[in-house]
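To get our numbering, take the position in the sequence shown, counting from 1, and add 857. From the three backbone atoms N, C-alpha and C, an ideal C-beta is built for every residue, glycine too. Below: the structure, in structure tokens.
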Amino acid sequence: LGKMLFSGEEVFKKCNVLSGGEKVRCMLSRMMMPGANLLILDEPTNHLDLESITAFNNALKDFPGTVLFTSHDHEFTQTVANRIVEITPKGFLDKMMPYDEYIESEKIAQQKEALYA
């Protein structure tokens, strides 16, 4: 819980008094407990403040398993992802590279154009 910014008496709060962001942080902490080897997350940074997103990024960097996620958060994706899979109407692109390289690549832009045509 400490990695997700819970400290002191906060760790003893009942779930029904947690804010939306605190509930998300609590659930994410639970999912990353030892034994988990796969996380599937849909927009995981929604309902998190900037400090919580930073803590979550750091926790994911230490996570030993695989993380599959969707996100509209550019900075989060650039920080966490090392592989980009884009599903298109005519197939998919699967690239082992940082997100910024993926969106800046002219070669990938041409491939995407063909897959969306």
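Quick check on DSSP: helix, strand or coil for residue i?
i      : result
THR945 : strand
PHE920 : coil
ASP951 : strand
LEU907 : helix
ARG940 : coil
LEU972 : helix
ALA893 : coil
LYS870 : coil
LEU875 : coil
SER962 : coil
Quickly, what does DSSP pair residue i with across the bridge? List them, please.
i      : result
ASP899 : THR927
Between which residues of its own chain and residue i is the CB-CB distance below 7 Å, once the five residues before and five after are set aside?
i      : result
MET954 : ILE941
THR936 : ASN914
ASP906 : GLY878
VAL874 : none
Ordered along the chain, which non-local residues of its own chain (more than five positions away) have a Cβ less than 8 Å from that of residue i?
i      : result
LYS969 : GLU943, THR945 and LEU950
ILE965 : LEU950, LYS952 and TYR959
MET884 : none
Could you pull out every residue in the same chain whose Cβ sits closer than 6 Å to the Cβ of residue i, ignoring the five residues on either side in sequence?
i      : result
ALA938 : TYR956
LEU972 : THR945, LYS947 and GLY948
Judging by CA-CA distance, which residue of the options is the nearest neighbour of residue i?
i      : options                           : result
ASP899 : LEU875, ALA912, THR911 and LEU925 : LEU925
ALA916 : SER928, ARG887 and GLY877         : ARG887
### Segment contact flag, the segment 943 to 950 with the segment 910 to 926, C-beta cutoff 8 Å, min 3 pairs
no
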